[in-house]
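Residue numbers (the working numbering): 201 to 617.
So, in C-alpha cells, the structure goes:
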C-alpha cells in the first residue's frame, strides 16, 4: 500500500530547457581588467581593496595611513558610523536635487575633491585624472601646493574644471607664496584654501616602517613588492619624473622642498597678508574648534574648512564632524563651512550637511579611486557617491540638499540608547 504524499516535502522535477534559458548569463571574459574591476565596485571599501592589490605598499600606505597610532583616523571614521539617519515618511520624493551653491559657484554635488600631495605617486595620471573627472561631474577640484602637476598644466589639461588652489604659507618666503597666488589667479583658480594645521609634519609610522621615500626608490624590498604590481612600476618608470610641479622642475630638490614646507612660526598676521594679496574667495583649512573658526572669519576668511588632515598630522585630534554643530552655532547661518576627514560614503556627506556643513571634500577616498583605476577610478568614486546620496535622500524623504537639517540625524546614537 502506497503512503500518501508528505505535505512537508517540496515536490521535485527536472527543469525544462525553456525555463533555464532566461537564467543563463554567461559572458566572455573582458580584456579590460581595470574596467571590469571598477564596474564590480559597490562602495569606497571596494575601491580601497582594488587599490591595495594594484599599488605598491609604500604609496598605498602613504594614502591609507595616518599619524602615530592612527587613532585620529579611526575616530574620524567612527564618528560617521555613530550617526543615526532619521527618515521622515510619506514625503513624496520623485527626484532629488544634489546641487549646491558654494563660494560663488554652483556644484552639481555637495562634495568636491580635496587637495592631495604627491598625487602622481599614487597613479601616473595624477591630478589631471581627478580634475577631468571632477569636470564631468560638475564639482570643484583643489590642487595642492605639493601637487605633481603645475598650476598652469592643470588649467590647460582640465580647462572646464572649477579649480581651487591650496596654499602652504612660508614665514620667510612671502615672495614665493605671492608668486603662487598670482599664478593661480592668472590661471582662473577662483578659491584659495590656506592650510593652517601643518606647523610641522606629522609622524607617519607606516611610512617609516615601509622605508617610504618621495619619490619611491628601488631597493630589494621595493623590487620584490614590484613583482606583484608590475603595471604600477612600468607606468612610474616610463613617465615624467615625480616633482612638486608648481615649485620646482628638479627631482633632486624634492626633499629640500618638503623640509621647508611647514612653518611653526606662522601667526594671524600671515593670514592678514594673504587676505590682502588674494582677491577671490579665501578659505582657511585645518580649523578644529569654534573659537578658531570665529577668529579666522573675523580676520577676513570667507569660509572655514573643518579638517584634521584626515588624522595625518596630530594624532587624537578633534573630530571635525563632532565639532561641526558648535562651529555652526558660533558662525551663524551665513558663513560657509566645508568639512572633510572621515567621509567614505554618500550617507557620510549627507550627515555632515544635515549637521550644518555647506559642502564636503574627499581626499583619501578620491585617492583610492585614483589608485584603483586612474581617471576612470575617480569617475567611479563620484558615481558611487552620487548614487548613495540620491538613494539616501529619497529614503530620508528629502528632495534637495537645502531640506536637510538636524532633524534628519542624531549623533552618538549608541550612547543614547
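Cβ coordinates follow ideal geometry from the N, Cα and C atoms, glycine included.
Beta-carbon spacing of residue i, residue j below 8 Å
i, j, result
"residue 589", "residue 549", "yes"
"residue 619", "residue 362", "Residue 619 lies beyond the range of the chain shown here (201 to 617); nothing can be said about it."
"residue 255", "residue 429", "yes"
"residue 542", "residue 280", "yes"
"residue 471", "residue 527", "no"
"residue 575", "residue 386", "no"
"residue 244", "residue 565", "yes"
"residue 251", "residue 349", "no"
"residue 435", "residue 324", "yes"
"residue 366", "residue 343", "yes"
"residue 506", "residue 525", "no"
Minimum C-alpha distance to residue i - residue among the options
i, options, result
"residue 309", "392, 610, 601", "601"
"residue 509", "241, 441, 472, 264", "264"
"residue 269", "343, 515, 465, 231", "515"
"residue 409", "553, 277, 267", "267"
"residue 427", "578, 253, 380, 598", "253"
"residue 290", "505, 596, 607", "596"
"residue 547", "277, 405, 488, 475", "277"
"residue 442", "238, 465, 322, 500", "322"
"residue 479", "485, 444, 384", "384"
"residue 346", "398, 405, 245, 295", "398"
"residue 487", "465, 570, 473, 536", "536"
"residue 411", "274, 235, 425", "425"
"residue 619", "298, 222, 304, 274", "With the chain running from 201 to 617 in the structure shown, residue 619 is simply not present."
"residue 259", "584, 220, 572", "572"
"residue 533", "518, 522, 513, 555", "555"
"residue 230", "239, 224, 223, 540", "239"
Residue range of the alpha helix (DSSP H) that includes residue i
i, result
"residue 539", "That residue, residue 539, is in no alpha helix (DSSP H); its beta strand (DSSP E) goes 537-539."
"residue 474", "468-477"
"residue 486", "No alpha helix (DSSP H) holds residue 486; the beta strand (DSSP E) holding it covers 481-487."
"residue 437", "430-437"
"residue 405", "405-410"
"residue 194", "Outside the modelled stretch of the chain, which goes from 201 to 617, sits residue 194, for which no answer is possible."
"residue 319", "319-322"
"residue 353", "351-357"
Counterpart residues of residue i in DSSP-defined beta bridges
i, result
"residue 610", "284"
"residue 313", "341, 562"
"residue 302", "305"
"residue 297", "600"
Item to check | 3 or more residues per run - each beta strand (DSSP E) lying fully within the region 361-395 | outcome: Within the region 361-395, the complete beta strand (DSSP E) runs of at least 3 residues are 363-367, 391-395.
Query raised in the report: Unbroken alpha helix (DSSP H) runs of length 4 or more, entirely within the region 504-559: which are they?
Result: Residue ranges of uninterrupted alpha helix (DSSP H) with 4 or more members, entirely inside the region 504-559 and ordered along the chain, are 520-531, 546-554.
Which residue spans inside the region 213-292 form an unbroken alpha helix (DSSP H) run of at least 4? As far as the region 213-292 is concerned, its whole alpha helix (DSSP H) runs of at least 4 residues are 217-220, 233-240, 244-254, 257-264, 271-281.
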